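Peer 1: Okay, handing you the structure first.
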Amino acid sequence: MPNRSALTPHYTRAGRRPKEPTVEIPNDRAAVHVGGGARRTVPLDQVRLLHIGEERDIKAGEHYLTMEYLPLLRRQMAKKSEHEQTPAWHPPPESLTLGSDEVHVWRATLDRSAAALQRLLQTLSEDESARADRFYFQRDREHFIAARGLLRSLLGGYLSFPPEQLRFGYSPHGKPSLPGEWSELHFNLSHSHALALYAVTRGREVGIDLEYIRPELADEPIAERFFSAREAGALRSLPASLQPEGFFNCWTRKEAYIKARGEGLTISLDQFEVSLAPGEPAALLSVNSDPAEASRWSLRELAPGPGYVAAIAVEGEGWQIQCWEWPLER
């Protein structure tokens, strides 16, 4: 018989509910302490949330809590300071070094002075300048110039090479890359409104997505149309006040994974599943076409700023993340 209880609430033969689990934050690692008989300690990043009433065959070593404990998890996790839960943004170092076990994420505003935009424009290639000229609205044109110009400045800093001389290659689905000897430097970018995020790795595929939260989208049938049935059910089981955050958690994690793969719209959003509940660790849960695929990737939630949600997908495990703030004067 498969074990369907695991860490999910259950009743004893006397009809009494076991002692509720609690969450503690020893040092930097959260843990769930499970009551009922001998207490066990399970790292929070090993615990998955189940919808209330959902049954699942639990394999050895898997741990679950039902969604009714989500408010408890959120209250306990709120005791951690924000910089412990998500990476903080720091001023950039004097020199850029990037190891194979590091992931660098940069945050930058795209609202730049006229002088800064002119400097960035001069670093763009002819085709990039032509793309900029095709924007109808001036603000969109300026944001494109800033986004591409900052990307060139950033990569040029890692490579100690003039930004205006960089040349990009593109995959069949449009993902940019660096050619030749620089091909091991992987990067990805995303921007929303006037904010941009850049991810840079060495020898690891990476994807990043940033979205400005528009609460009204969570009320539309977008989730039911594009997410998996399980994800849509998880979203609708959240309290109404948490559904906008849950919706954009799901969206950014899916987009980050698709961008890391570099296969564009050939990957259907409902053919893989990610975690989405606020307070639940970001994770790629399953990929329909390949059961082993989820283990190849690590997802991480980012805190880009108030009103925004972001996620990063990185190939492999065992990497450390550093988050830098791009200075306004550059």
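Anchor point for the sequence shown: position 101 equals 159 in the numbering used here, and the numbering is continuous, going up by one each time. Note that CB positions come from ideal geometry on N, CA and C, so glycine has one too. Treat the numbers as computed from the prediction; the structure is a model and nothing was measured.
I think residue 182 touches residue 206, with their Cβ atoms under 8 Å apart; what is that distance to the nearest whole Å?
Peer 2: For this step, residue 182 is matched to residue 124 along the sequence shown. For this step, residue 206 is matched to residue 148 along the sequence shown. About 6 Å separates the two Cβ atoms, so the contact holds.
Peer 1: What is the rounded straight-line gap between the Cα of residue 262 and the Cα of residue 323?
Peer 2: Along the sequence shown, one-based indexing puts residue 262 at 204. Along the sequence shown, one-based indexing puts residue 323 at 265. Roughly 21 Å separates the two Cα atoms.
Peer 1: Given a cut-off of 8 Å on the beta-carbon distance, is the pair residue 328 and residue 285 in contact?
Peer 2: Along the sequence shown, one-based indexing puts residue 328 at 270. Along the sequence shown, one-based indexing puts residue 285 at 227. Cβ atoms of residue 328 and residue 285: closer than 8 Å.
Peer 1: Quick one: grab the DSSP three-state call for residue 162.
Peer 2: In the sequence shown, the residue the question calls residue 162 occupies position 104. It is a strand residue.
Peer 1: Which whole runs of the alpha helix (DSSP H) in the region 296-355 are 4 residues long or more, in chain order?
Peer 2: The qualifying runs are 301-319.
Peer 1: Give me the Cα-Cα distance between residue 362 and residue 248, rounded to the nearest whole angstrom.
Peer 2: Sequence index remark: in the sequence shown, residue 362 carries index 304 (1-based). Sequence index remark: in the sequence shown, residue 248 carries index 190 (1-based). Going by the C-alpha atoms only, they are around 11 Å apart.
Peer 1: Put residue 97 into one of helix, strand or coil per three-state DSSP.
Peer 2: Sequence index remark: in the sequence shown, residue 97 carries index 39 (1-based). Only weak support exists for where residue 97 lies, its pLDDT of 42 falling under 50; the value from the coordinates is given anyway. Residue 97: coil per DSSP, three-state reduction.
Peer 1: When you compare only the Cα positions, how much space is there between residue 290 and residue 304?
Peer 2: Counting from one through the sequence shown, the residue named residue 290 turns up at place 232. Counting from one through the sequence shown, the residue named residue 304 turns up at place 246. Using only the alpha carbons, I get a separation of about 10 Å.
Peer 1: Just checking my contact of residue 391 with residue 367 at CB under 8 Å: how many whole Å lie between their CB atoms?
Peer 2: No information on residue 391 is available, as it lies outside the stretch 59 to 388 that the chain covers here.
Peer 1: When burial is assigned at 16 or more other CB atoms within 10 Å of the CB, is residue 246 buried or exposed?
Peer 2: If you number the sequence shown from 1, residue 246 lands on position 188. By the 10 Å Cβ count, residue 246 comes out buried.
Peer 1: What distance in whole Å lies between the Cβ atoms of residue 168 and residue 201, which are believed to be in contact at a cut-off of 8 Å?
Peer 2: Counting from one through the sequence shown, the residue named residue 201 turns up at place 143. Counting from one through the sequence shown, the residue named residue 168 turns up at place 110. Residue 201 to residue 168, Cβ: 4 Å. Contact.
Peer 1: Can you tell me whether residue 268 is buried or exposed, with buried defined as 16 or more other CB within 10 angstroms of its CB?
Peer 2: As a first step, residue 268 is located in the sequence shown; it is residue number 210 there, counting from the start. Buried: at least 16 other Cβ atoms inside 10 Å.
Peer 1: Within 10 Å of its beta-carbon, does residue 386 have 16 or more other beta-carbons around it, so buried, or fewer, so exposed?
Peer 2: In the sequence shown, residue 386 corresponds to position 328, counting from 1. Residue 386 comes out exposed.
Peer 1: Could you spell out where the beta strand (DSSP E) holding residue 256 opens and where it closes?
Peer 2: Against the sequence shown, residue 256 aligns to sequence position 198. Its beta strand (DSSP E) spans residues 253-260.
Peer 1: Which whole-angstrom value describes the C-beta separation of residue 357 and residue 341, a residue pair presumed to lie in contact below a C-beta threshold of 8 Å?
Peer 2: In the sequence shown, counting from the first residue as 1, residue 357 sits at position 299. In the sequence shown, counting from the first residue as 1, residue 341 sits at position 283. The Cβ separation is near 6 Å, so the contact holds.
Peer 1: From 374, 222 and 338, pick the residue whose C-alpha is nearest to that of residue 203; which is it?
Peer 2: The residue given as residue 203 occupies position 145 in the sequence shown. For residue 203, the nearest C-alpha among the options comes from 222.
Peer 1: Buried or exposed: where does residue 256 fall if 16 or more other Cβ atoms within 10 Å of its Cβ makes it buried?
Peer 2: Numbered from 1 along the sequence shown, position 198 holds the residue referred to as residue 256. Under this definition residue 256 is a buried residue.
Peer 1: Between the alpha carbons of residue 234 and residue 146, how many angstroms are there, rounded?
Peer 2: Position 176 of the sequence shown, counted from the start, is the residue given in the question as residue 234. Position 88 of the sequence shown, counted from the start, is the residue given in the question as residue 146. When rounded, the distance between both Cα atoms is 27 Å.
Peer 1: Could you pull out every unbroken beta strand (DSSP E) segment of at least 3 residues lying fully inside the region 164-191, listed in chain order?
Peer 2: Correct list: empty.
Peer 1: Check each candidate in 241, 376 and 282 and name the one with the smallest Cα separation from residue 227.
Peer 2: Numbered from 1 along the sequence shown, position 169 holds the residue referred to as residue 227. Among 241, 376 and 282, the Cα nearest to that of residue 227 is on 241.
Peer 1: I need the straight-line Cα distance from residue 253 to residue 166, nearest angstrom please.
Peer 2: What you label residue 253 is simply residue 195 of the sequence shown in a count that begins at 1. What you label residue 166 is simply residue 108 of the sequence shown in a count that begins at 1. If I take the Cα positions, the gap works out to 6 Å.
Peer 1: To the nearest angstrom, report how far apart residue 343 and residue 312 are at their CA atoms.
Peer 2: Position 285 of the sequence shown holds residue 343. Position 254 of the sequence shown holds residue 312. About 11 Å.
Peer 1: Does residue 213 get closer than 8 Å to chain D when you measure Cβ to Cβ?
Peer 2: Given the protein chain composition of this structure (a single chain), no chain D is represented.
Peer 1: When you compare each of 155, 277 and 198 to residue 299 by their alpha carbons, which one comes out closest?
Peer 2: If you number the sequence shown from 1, residue 299 lands on position 241. Nearest option by C-alpha distance: 277.
Peer 1: Could you check whether residue 224 and residue 213 sit closer than 8 Å to each other, using their CB atoms as the reference points?
Peer 2: To locate residue 213, count along the sequence shown from 1; it is residue 155. To locate residue 224, count along the sequence shown from 1; it is residue 166. Going by C-beta atoms, residue 213 is nearer than 8 Å to residue 224.
Peer 1: Under 8 Å between the Cβ atoms of residue 154 and residue 194?
Peer 2: For this step, residue 154 is matched to residue 96 along the sequence shown. For this step, residue 194 is matched to residue 136 along the sequence shown. Against a cut-off of 8 Å, the Cβ pair of residue 194 and residue 154 comes out as no contact.
Peer 1: Take residue 309 as the anchor and find which of 296, 280, 320 and 288 has the nearest alpha-carbon.
Peer 2: Taking the first residue of the sequence shown as 1, we reach residue 309 at position 251. The shortest C-alpha separation from residue 309 is found at 280.
Peer 1: Measure the alpha-carbon distance for residue 163 versus residue 330 and round it to whole angstroms.
Peer 2: Here residue 163 corresponds to residue number 105 of the sequence shown, with the count starting at 1. Here residue 330 corresponds to residue number 272 of the sequence shown, with the count starting at 1. Using only the alpha carbons, I get a separation of about 25 Å.
Peer 1: Mind checking which residues open and close the beta strand (DSSP E) that includes residue 269?
Peer 2: For the purposes of this step, residue 269 is identified with residue 211 of the sequence shown, where counting begins at 1. 264-270 is the extent of the beta strand (DSSP E) around residue 269.
Peer 1: Decide if residue 302 is buried, meaning its Cβ has at least 16 other Cβ atoms within 10 Å, or exposed.
Peer 2: Your numbering for residue 302 matches position 244 in the sequence shown. Residue 302 should be labelled buried.
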